[in-house]
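What follows is one structure encoded as structure tokens, with my remarks underneath.
Numbering (the working numbering), first residue to last: 1 to 402.
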């Protein structure tokens, strides 16, 4: 049975690669995945420029407010409670001015590079804690009236978590050498490990759907449209083996293409910039952090589930028609429904990404909402098994003559 299955898989692979367009597909995938990395390099520079501009404005605004508060505090006849409140605001803006000036100097030295990672980490923590207090007490006033306070506080706390984790992870190295480098220039720095994690936050899965669709058209839909059903009726293999061979071929080829693209990008950006740090903390969701490699392994696990699921679904849809255009239309409607459901409910109901048919597309969001991946993973595996059984049963009972 194993030998016959391997022979069937070899036949399916041969049929796929005899078409030059599938080789061109793999090459185009590599270029697309590299494009995602290169586009994020610009985000890296934009982040540093934006950060520098933000700190310059912050220093200017904070200094101006500080001068105004100092002038008011010098006035006589002020109530004790009012003076006490103004003094707290003055202390807040005094610290904000000091921290912003120091951080600005570190960002602008030597062409927007950090002078000392440890110092900038320490001051980032102090500045964020001070700013959170200011936001909660309402000291920021009109300066940040258009900002989302809750989102701002969440981002500041996440940054504190990362900085504290970095200090803890590098404690022994810092004791030996306080000037070691352990920070990325920005969250978008294109080193090897950062490339692998950022990749999943872009349009990769949308492109992945396109890849699998093209593979499925060759694997099943095109055969049915051109009348190759005679092969299924006369070949020495059972229909059950044939359909499982197609599922395995489609899934393994899709995963192979993705891995080749990812490893190519990882190698290029590791050589160009740096390999990065697999232990670099990544915000996983719900105010928790985890090493970069653990987050990446979770993503890969769900990605494999997504690939297998979409392959089976595409084949299942194709068993209902011999027209390629009908298959493409049905698949397009399927994903439009998913996008509609997600965009309609995701803002108010984060659990929506935990639904199997939604979570397959929104992997990074799913992991952020559900750091414990075991429950959704088990549900997704159960859905894959059920879909596989439905697909095989449908193909076995299919009337190939009509």
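Even for Gly, the Cβ is constructed at its ideal location relative to N, Cα and C.
Task: At least 3 beta-carbon pairs within less than 8 Å: the segment 263-275 vs the segment 315-332 - done: Contact fails: fewer than three Cβ-Cβ distances are below 8 Å.
- [ ] Look at the Cβ atom of residue 55, then the Cβ atom of residue 100, and state whether they are nearer than 8 Å.
- [x] Against a cut-off of 8 Å, the Cβ pair of residue 100 and residue 55 comes out as a contact.
Task: Opposing strand residues paired with residue 159 [DSSP bridges] - done: The partner list for residue 159 (beta bridge, DSSP) is empty, contrary to what the question assumes.
Task: Boundaries of the alpha helix (DSSP H) in which residue 328 is found, first to last residue - done: From DSSP, the alpha helix (DSSP H) with residue 328 extends over 324-345.
Task: DSSP state of residue 77 mapped onto helix, strand, coil - done: DSSP places residue 77 in coil when its eight states are reduced to three.
Open item on the list: Suppose the cutoff is 6 Å on Cβ atoms and the five residues either side in sequence are ignored; what does the same chain contact list for residue 124 look like?
Closed with: The beta carbon of residue 124 is closer than 6 Å to those of 163 in its chain, skipping five residues each way along the sequence.
Task: Contact belief for residue 249 with residue 312 at Cβ below 8 Å, rounded distance in angstroms - done: Contact between residue 249 and residue 312 fails: their C-beta atoms lie close to 12 Å from each other, not under 8 Å.
TODO: Please classify residue 54: does DSSP put it in a helix, a strand, or coil?
DONE: Per DSSP, reduced to three states, the secondary structure at residue 54 is helical.
Open item on the list: Mapping the DSSP letters down to three states, classify residue 285 as helix, strand or coil.
Closed with: Per DSSP, reduced to three states, the secondary structure at residue 285 is strand.
Open item on the list: Quick check on residue 355 - is its C-beta less than 8 Å from some C-beta in chain D?
Closed with: The chain labelled as chain D is not found in the depicted structure, where only one protein chain is given.
Open item on the list: By the three-class DSSP mapping on this structure, what secondary structure does residue 291 have?
Closed with: Correct three-state label for residue 291: strand.
Open item on the list: At the level of alpha carbons, what is the spacing between residue 104 and residue 136?
Closed with: Residue 104 and residue 136: Cα-Cα distance of roughly 24 Å.
TODO: Kindly list the residues whose CB is nearer than 7 Å to the CB of residue 304, restricted to its own chain and excluding five residues on each side of it in sequence; keep chain order.
DONE: Cβ neighbours of residue 304 within its own chain (closer than 7 Å, five residues either side excluded): 255.
Task: residue 138 versus residue 276 - alpha carbon distance - done: The alpha-carbon atoms of residue 138 and residue 276 are separated by roughly 39 Å.
Open item on the list: Quick check on the DSSP output: the alpha helix (DSSP H) that includes residue 261 runs from which residue to which?
Closed with: 239-272 is the span of the alpha helix (DSSP H), which, as asked, contains residue 261.
Open item on the list: Short of 7 Å in beta carbon distance, which residues of its chain neighbour residue 237, apart from the five on each side in sequence? Order them along the chain.
Closed with: Only 4, 8 meet the Cβ criterion.
- [ ] Count the C-beta pairs between the segment 177-191 and the segment 14-23 that are closer than 8 Å, then say yes if the count reaches three, no if not.
- [x] Contact between the segment 177-191 and the segment 14-23 is absent: fewer than three C-beta pairs spanning the two stretches fall below 8 Å.
Open item on the list: Quick check on the burial criterion: 16 or more other C-beta atoms within 10 angstroms. Buried or exposed for residue 127?
Closed with: Note on residue 127: 16 or more other CB atoms within 10 angstroms of its CB, so buried under the neighbour-count rule.
Task: Classification of residue 297 by the beta-carbon crowding that lies within 10 angstroms, buried from 16 upward - done: So residue 297 counts as exposed.
- [ ] Along the alpha helix (DSSP H) that carries residue 391, what are the first and last residues, could you check?
- [x] Note, residue 391: alpha helix (DSSP H), 374-396.
- [ ] For residue 373, I'd like the list of residues in its chain whose CB is within less than 6 Å of its CB, leaving aside the five on either flank, ordered along the chain.
- [x] Within its own chain, the residues whose Cβ lies closer than 6 Å to the Cβ of residue 373, once the five positions on either side in sequence are excluded, are 298, listed in chain order.
Open item on the list: Going by DSSP, what residue range makes up the alpha helix (DSSP H) through residue 351?
Closed with: Element bounds for residue 351: n/a, residue is neither H nor E.
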